[in-house]
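Those letters in the sequence shown? Residues -20 to -1, 1 to 219, per mature numbering (1 follows the signal peptide of the UniProt record, and there is no 0), in order.
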Amino acid sequence: MCRSLLFAASALGLCLTANSTISQTLPLTENLIDFNSIAGEELLIASQARRDYLPLSIQFETQENRAYCGVASIVMALNALAIPAPLAPEFGTNRFTQKNVLNEDTARVLTAEEIARQGMTLAQLGQLLATHPVTVEVYHGSDVTLEEFRKLAVRNLQETDNFVLVNYLRRTIGQERGGHISPLAAYNQERDRFLILDVSRYKYPPVWVKAEDLWKAMNTTDSVSGKTRGFVLVSRTQD
């Protein structure tokens, strides 16, 4: 298992560094640990809650524009859950993309134009996911304690076929600067850190963030909804 994790970690790192825009990524503050480092990889290997890392890294998406972090995160989750998608000509297979994941059903929640203009709130993230055959649980940061968040997220990361998408304020964890959405991939108990697979890889690499810092970043008010940000648990709907 460790060998496959090392290979996957290296593969993701190679994918990132092969992108010409990676040299322009912003520097990390001391409270964050770059996944593309020896320390970052060691945290993954020592993790006891890392089942989401491989399926998400295989389906990794870079958001297509600055407002599509939620769209990219939805695509990653649906593909990792093997939810059937419309035929995507660019791939020649039934795989979700950031284009075909938005359809008439999702437009009743938010149109593609609205998302491109202002992104999406936590509630809208849950509603967009719910237009697909998945089970969705939405938690606002103000409604859960740090301990409750940690317990829910860690249990999810220890199981298969379910994922955690977090909606947080970048500024609170030392990044620039507004609201953002990305999946969690692992948790390291010894360091009490979660691994965020940041979908804006042209801006930041995947990072290990302290659980308390992430919880505080989710317990911030979204100016559009007037409610706090938070996280979504998504799993395949059982027949």
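Built from N, CA and C at the ideal position, the CB exists for glycine as well.
Query: Can you give me the Cβ contacts of C49 inside the same chain, cut-off strictly under 8 Å, excluding the 5 residues immediately before and after it?; Result: Q43, G99, H160, I161, S162, V179 and S180
Query: Return the CA-CA distance between F15 and P185, expressed in angstroms with no decimal places.; Result: 7 Å
Query: Going by DSSP, which residues form a beta bridge with W188?; Result: I13 and L175
Query: Within 10 angstroms of its Cβ, does S53 collect 16 or more other Cβ (buried), or is it exposed?; Result: buried
Query: Taking contact to mean at least 3 C-beta pairs separated by less than 8 Å, is the region 23 to 35 in contact with the region 132 to 152?; Result: yes
Query: Let me know the secondary structure DSSP gives I161 once reduced to three states.; Result: strand
Query: Between T9, E22, F211 and E156, which lies nearest to R46 when the distance is taken from Cα to Cα?; Result: E156
Query: Can you tell me which of the three DSSP states L149 falls into?; Result: strand
Query: Can you give the beta carbon distance from Y119 to G210, rounded, assuming they're within the 8 Å contact cut?; Result: 5 Å
Query: Among V204, N74 and A191, which has the Cα closest to the Cα of T101?; Result: V204
Query: Rounding to the nearest angstrom, what Cα-Cα distance links N80 and V116 in this structure?; Result: 20 Å
Query: In this structure, how does DSSP classify A33 when only helix, strand and coil are distinguished?; Result: With the sequence shown as reference, residue 33 is identified as Tyr, and Ala is not the correct amino acid for it. Reduced to three states, the DSSP call for Y33 is helix.
Query: Looking at the secondary structure, which residues open and close the beta strand (DSSP E) in which S215 lies?; Result: G210 to R216
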